[in-house]
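Undergrad: UniProt numbering applies: residue 1 is where the sequence shown begins, and numbers increase by one.
Note that CB positions come from ideal geometry on N, CA and C, so glycine has one too.
Owing to the predicted nature of the structure, the values given are computational and were not obtained by experimental measurement.
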Amino acid sequence: MIDTASVPQDSASSPGHPRRPNRYRADTDRFRTPSRLLNLLLTMGLCLAFGGCAKFSQLFAVTHPSDQPVDRQQQAIVTRLKALVEPDLQDNLTTALPAVRKSLADQTHKIAKFKRNLVLRTLADPWDGLAAAEQAGLLAATAAESGVEGLPAVIDILEGGMDRTGASFAPLTFPVTLATDDLLTFLTDVLEQAYQDREQALRHLSPQDREFLFTQARPLVEHFIPQVAPPAQLSEAEAAARYATLLMQQVDYASLISAAQRLARLGNRKFLQQLDIALHNRKPIGQTVPGITGDLLLAQQTSYGLVVVGGHGPNTYDLEKGAALIIDLGGNDTYRGTIGASPNSDLGNSVVLDLSGNDTYQPAPLGLATGRAGIGIVIDHSGNDTYRLAPGSGGVGLAGLGILYDGEGQDIYEGNRFTQGAAFGGFGLLVDRAGDDRYSSFGYALGFGAPLGVGALIDVSGNDSYECGGRYPSAYNETDAPNAHPQDPAFQYDCFGLGTGSGLRVFSKQPAHRALSLAGGWGLFIDLDGRDRYRSANFSQGHGYFFGLGVKLDLNGDDEHQAARYGHGTAAHFGVGLNIDYQGKDRYGSKGPFYNGGAAWDGCVGLAVDGGTDSDFYDLPASTGLGMGDLGGWGLFIEEGGADQYAVSRGLGQGAEHSIGAFFDLEGRDDYSSVPPPATGVRPERLNRKTFIENEGSLFIDR
1 MIDTASVPQD SASSPGHPRR PNRYRADTDR FRTPSRLLNL LLTMGLCLAF GGCAKFSQLF
61 AVTHPSDQPV DRQQQAIVTR LKALVEPDLQ DNLTTALPAV RKSLADQTHK IAKFKRNLVL
121 RTLADPWDGL AAAEQAGLLA ATAAESGVEG LPAVIDILEG GMDRTGASFA PLTFPVTLAT
181 DDLLTFLTDV LEQAYQDREQ ALRHLSPQDR EFLFTQARPL VEHFIPQVAP PAQLSEAEAA
241 ARYATLLMQQ VDYASLISAA QRLARLGNRK FLQQLDIALH NRKPIGQTVP GITGDLLLAQ
301 QTSYGLVVVG GHGPNTYDLE KGAALIIDLG GNDTYRGTIG ASPNSDLGNS VVLDLSGNDT
361 YQPAPLGLAT GRAGIGIVID HSGNDTYRLA PGSGGVGLAG LGILYDGEGQ DIYEGNRFTQ
421 GAAFGGFGLL VDRAGDDRYS SFGYALGFGA PLGVGALIDV SGNDSYECGG RYPSAYNETD
481 APNAHPQDPA FQYDCFGLGT GSGLRVFSKQ PAHRALSLAG GWGLFIDLDG RDRYRSANFS
541 QGHGYFFGLG VKLDLNGDDE HQAARYGHGT AAHFGVGLNI DYQGKDRYGS KGPFYNGGAA
601 WDGCVGLAVD GGTDSDFYDL PASTGLGMGD LGGWGLFIEE GGADQYAVSR GLGQGAEHSI
661 GAFFDLEGRD DYSSVPPPAT GVRPERLNRK TFIENEGSLF IDR
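Dropping the structure here:
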């Protein structure tokens, strides 16, 4: 079991790493009750606005007035929409609705290890669980909007969704002096405490198991797929099950969370400004460090690893053995190798803080902001940066926590698989606070949660573009397009990204094989503002697969959402998918051929919502959806208002095989002229101000 007890870490020590006297007061209590997170964030906003509340300033740091968090909970829509549509479901689907709800809640014969409470809660009560997932997402958005100082709160909120909390600790007070020795001592004290946290977390592991958690991370990143079929892939399933079991039963994950929160505070802008001022006139040292070019103001080997401070000019950091801490004060820098990531199972924590400059990151696999049985953090405060991300890098957690934070600039993220907010058995986070950014990945990325993982991407502002797919051919090609070639329009690819949670489903008739199946994690994608464009292949944009939870929230802007099979709030095999666009004139499209916009297949829950009263266009002639359920699914689509246009081949409230499929357009004069008529040739029943019930599980309502 994961130990979530509050264990103070400040007094811990280990052989060979004696504690130094602590020069800094540690009097800030931690808040660990999830229900108090909203109050914490709101209080933080008031404190910062009036310049007081020293305790909060120590934990989150003082931010500028423009950085004050906004209460995003006011945008919550799921609970409000439940009150508007649930009575219609109960009145019109009197037999099917209670039967489907009962079936969803029954987990008797659905085998998977480590099912998460938030998923089970949603299957038992779709509205309740979806509202909780939305609330957690909006809380995380509020914290991310406050800047780098909000990272500890983001960690708390999202780990809470995975039933995990950090060990209580008292963070060190930031120095108020410009004395260089005091500032550097503060840094090394934080590194010491984070080291002790990690040792506490891994204390029950044998040396062999500790090495297994480190080395097995790479094959998981390189070969993970959501469904395996023994005997060919049995060894992969066995290794994944061992990995997950070690994490759950022998790792004190609460201490890893605390280590990540301690280290994330080093990105505090005010503190780094103090450090920059203190070192401004410091002359470069004559010492050279292998793999590093450019001016260095400090280079020191410690028991935690290399500590380096780079100057204001261009530097190159090409490190195979990593570093415990790199602080770069400015310049257009280049990073290669192992950067903000663990080089081996002994040196588990690594942090990079880059204050400014147009930087280029070209890491090794699992080599940038990767928590690999430890903590990996990269914080780049400003500049137009380019991230060329190898597999397993860019905010990735693998039995650890990996965080990539980019503050400002027009940034480019080019990713392979398992990048940009992805996790298996850990926490992976990418936060980009400002700029018109470009994100791309082949798959399993951009907010992807594998078993026991929460992977999240949060973009606060800017007109951004997101692409996922184009590399991994879909198994559906064998049945849907057996003669198609990769260049053909009918050829399908898989994505598993942009807010996708997926389990590892062992597809076998043998009970011993099926018992290796692992329930999915939580994939979260949030874009707070801007005119954004989304392009993705199968399984994406708020998709849950095999007890996984996938959530995509776009809070504002006129957006274009292009997906494919299982896109826009969909789920399969006991998963949960949620897609909400809160406002703006939006356009939805899909390559198809099936399931977009609130579609649920095989005992799962899918909800797609477009909020606000702007006019939207659903350009889906090649696909089906907008409220579909099959094989015991609960699939809903809700359009809140506007003069909308619909072009979809089949769906708009269609349930089959003991399912619920419901479509609601709550306001506006809409255009259904592009909806094909039923096979009988009569005029389509999908019209303004009409209610249509095709069968006991199907419901169409236009108000």
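(1) Can you look up Q301 in the DSSP assignment and give me helix, strand or coil?
(2) Buried or exposed: K591, going by 16 or more other Cβ atoms within 10 Å of its Cβ?
(3) Are L366 and V221 close, meaning C-beta to C-beta below 8 Å?
(4) Can you give me the start and stop residues for the alpha helix (DSSP H) that Q135 sits inside?
(5) Could you spell out the range, first to last residue, of the alpha helix (DSSP H) harbouring Q208?
(6) Does the Cβ-Cβ distance between G603 and G697 come in under 8 Å?
(7) For my contact list, D670 and A643 are in at a C-beta cut-off of 8 Å; report their separation, rounded to the angstrom.
(8) Rounded to a whole number of angstroms, what is the C-alpha to C-alpha distance between D333 and T370?
(9) So, G641 versus L666, is the Cβ gap smaller than 8 Å?
(10) Do A229 and F507 count as a contact pair if the criterion is CB distance below 8 Å?
(11) Please classify N483 as buried or exposed, where buried requires at least 16 neighbouring CB atoms within 10 angstroms.
(12) When DSSP labels each residue in this structure, what does K591 get in the three-state scheme?
(13) Taking Cβ positions, are G449 and G402 nearer each other than 8 Å?
(14) Taking only three categories from DSSP, how would you classify V148?
(15) By alpha-carbon positions, which one of D163, K552 and F547 ends up nearest to Q541?
(16) Within its chain, find whatever has a CB closer than 7 Å to the CB of L38; leave out the 5 residues flanking it on each side and keep chain order.
(17) What distance in whole Å lies between the Cβ atoms of I375 and N349, which are believed to be in contact at a cut-off of 8 Å?
(18) Apart from the five residues on each side of it in sequence, which residues of its chain come closer than 6 Å, Cβ to Cβ, to A519?
(19) By DSSP, does Q287 sit in helix, in strand, or in coil?
(20) With three or more C-beta pairs closer than 8 Å as the rule, is the stretch 273-280 touching the stretch 245-263?
(21) Counting pairs of Cβ atoms below 8 Å between the stretch 509-518 and the stretch 399-418, do you hit three or more?
(22) Count the other C-beta atoms from every protein chain shown that fall within 10 angstroms of the C-beta of V352, then say buried if there are 16 or more, exposed otherwise.
(23) Where do the ends of the alpha helix (DSSP H) carrying K270 lie?
(24) Reducing DSSP to helix, strand and coil, say where D354 ends up.
(25) What is the DSSP secondary structure of P98, counted as helix, strand or coil?
(26) Could you tell me if V576 is buried or exposed, where buried requires 16 or more neighbouring beta carbons within 10 angstroms of its beta carbon?
(27) Just verifying my parser: in three-state terms, what is the DSSP assignment at L191?
(28) Return the chain-ordered list of same chain residues with a C-beta closer than 6 Å to the C-beta of D197, the five sequence neighbours on each side being excluded.
(29) Measure the alpha-carbon distance for Y24 versus L184 and round it to whole angstroms.
(30) Taking 8 Å as the cut-off, decide whether the C-beta atoms of D586 and N556 are in contact.
(31) Specify whether the stretch 648-668 and the stretch 614-627 touch according to this definition: at least 3 beta carbon pairs, one from each stretch, less than 8 Å apart.
(32) Would you kindly work out how many angstroms separate the C-alpha atoms of Y195 and Y304, rounded to a whole number?
(33) When the distance is taken between beta carbons, is H658 closer than 8 Å to G635?
(34) Taking one C-beta from the stretch 435-444 and one from the stretch 117-129 each time, how about it: are there three or more such pairs within less than 8 Å?
(35) Using 8 Å for Cβ pairs, my map puts G407 next to V609. What's the rounded Cβ distance?
(36) Considering only C-alpha positions, which residue in the set D295, A278, D125 and A600 is nearest to P284?
TA: If we stick to the structure as given:
(1) Along the sequence shown, one-based indexing puts residue 301 at 301. Residue state, collapsed to three classes: strand.
(2) Position 591 of the sequence shown holds residue 591. Label assigned to K591: buried.
(3) On the sequence shown, residue 366 is found 366 positions in, with the first residue counted as 1. On the sequence shown, residue 221 is found 221 positions in, with the first residue counted as 1. A contact, by the Cβ cut-off of 8 Å.
(4) Along the sequence shown, read from residue 1 onward, the residue named residue 135 stands at position 135. Under the DSSP assignment, Q135 falls in the alpha helix (DSSP H) whose first and last residues are P126 to E145.
(5) The sequence position of residue 208 within the sequence shown is 208, counting from 1. That run of the alpha helix (DSSP H) goes P207 to T215.
(6) If you number the sequence shown from 1, residue 603 lands on position 603. If you number the sequence shown from 1, residue 697 lands on position 697. No. Outside cutoff.
(7) As a first step, residue 670 must be located in the sequence shown, where it is residue number 670. As a first step, residue 643 must be located in the sequence shown, where it is residue number 643. That pair is a contact at about 6 Å.
(8) Taking the first residue of the sequence shown as 1, we reach residue 333 at position 333. Taking the first residue of the sequence shown as 1, we reach residue 370 at position 370. Cα to Cα, D333 sits roughly 20 Å from T370.
(9) Against the sequence shown, residue 641 aligns to sequence position 641. Against the sequence shown, residue 666 aligns to sequence position 666. Yes, the Cβ-Cβ distance between G641 and L666 is below 8 Å.
(10) Taking the first residue of the sequence shown as position 1, residue 507 is located at position 507. Taking the first residue of the sequence shown as position 1, residue 229 is located at position 229. Yes, they are a contact pair.
(11) If you number the sequence shown from 1, residue 483 lands on position 483. So N483 ends up on the exposed side.
(12) Here residue 591 corresponds to residue number 591 of the sequence shown, with the count starting at 1. Coil at K591, not helix or strand.
(13) The count along the sequence shown starts at 1 and reaches residue 449 at position 449. The count along the sequence shown starts at 1 and reaches residue 402 at position 402. No, the pair does not count as a contact, with Cβ atoms beyond the cut-off.
(14) Here the question's residue 148 lines up with position 148 in the sequence shown. The answer is helix: DSSP assigns V148 an H, G or I state.
(15) Position 541 of the sequence shown, counted from the start, is the residue given in the question as residue 541. Nearest C-alpha to Q541: K552.
(16) Taking the first residue of the sequence shown as position 1, residue 38 is located at position 38. Note that L38 scores a pLDDT of 46, beneath 50, so its modelled location is shaky; the value from the coordinates is reported in the next line. Here the set comprises Q73 and L139.
(17) Locating residue 349 in the sequence shown gives position 349, where the first residue counts as 1. Locating residue 375 in the sequence shown gives position 375, where the first residue counts as 1. The Cβ separation is near 5 Å, so the contact holds.
(18) Within the sequence shown, numbered from 1, the residue matching residue 519 stands at position 519. These residues qualify, in order along the chain: A112, F114, K115, G503 and F547.
(19) What you label residue 287 is simply residue 287 of the sequence shown in a count that begins at 1. In the structure shown, Q287 sits in coil (DSSP, three-state: anything other than H, G, I, E or B).
(20) no
(21) Judged by Cβ distances under 8 Å, the stretch 509-518 makes no contact with the stretch 399-418, as fewer than three pairs qualify.
(22) Mapped onto the sequence shown, residue 352 falls at position 352. The C-beta of V352 has 16 or more other C-beta atoms within 10 Å across all chains shown, which makes the residue buried.
(23) Start at 1 with the first residue of the sequence shown, and residue 270 comes out as number 270. Start and end: R269 to A278.
(24) Your numbering for residue 354 matches position 354 in the sequence shown. It is a strand residue.
(25) On the sequence shown, position 98 is the one that residue 98 refers to. In the structure shown, P98 sits in a helix (DSSP, three-state: H, G or I).
(26) By 1-based counting over the sequence shown, the position of residue 576 is 576. So V576 counts as buried.
(27) Here the question's residue 191 lines up with position 191 in the sequence shown. L191 sits in a helix when the DSSP states are folded into three classes.
(28) Indexing the sequence shown from 1 puts residue 197 at position 197. Same-chain partners within the cutoff: Q9, S255, S258 and A259.
(29) Numbered from its first residue, the sequence shown carries residue 24 at position 24. Numbered from its first residue, the sequence shown carries residue 184 at position 184. Here Y24 scores only 32 on pLDDT, less than 50, and its place in the model is too uncertain to base an answer on.
(30) As a first step, residue 586 must be located in the sequence shown, where it is residue number 586. As a first step, residue 556 must be located in the sequence shown, where it is residue number 556. Going by C-beta atoms, D586 is not nearer than 8 Å to N556.
(31) yes
(32) Counted from its first residue, the sequence shown places residue 195 at position 195. Counted from its first residue, the sequence shown places residue 304 at position 304. Rounded to the nearest angstrom, the two C-alpha atoms are 7 Å apart.
(33) Working through the sequence shown from its first residue, we reach residue 635 at position 635. Working through the sequence shown from its first residue, we reach residue 658 at position 658. If you check the CB distance, G635 and H658 do not come in under 8 Å.
(34) no
(35) Taking the sequence shown and counting its residues from 1, one reaches residue 407 at position 407. Taking the sequence shown and counting its residues from 1, one reaches residue 609 at position 609. With a Cβ gap of about 31 Å, G407 and V609 do not count as contacting.
(36) Taking the first residue of the sequence shown as position 1, residue 284 is located at position 284. Closest option to P284, Cα to Cα, is D295.
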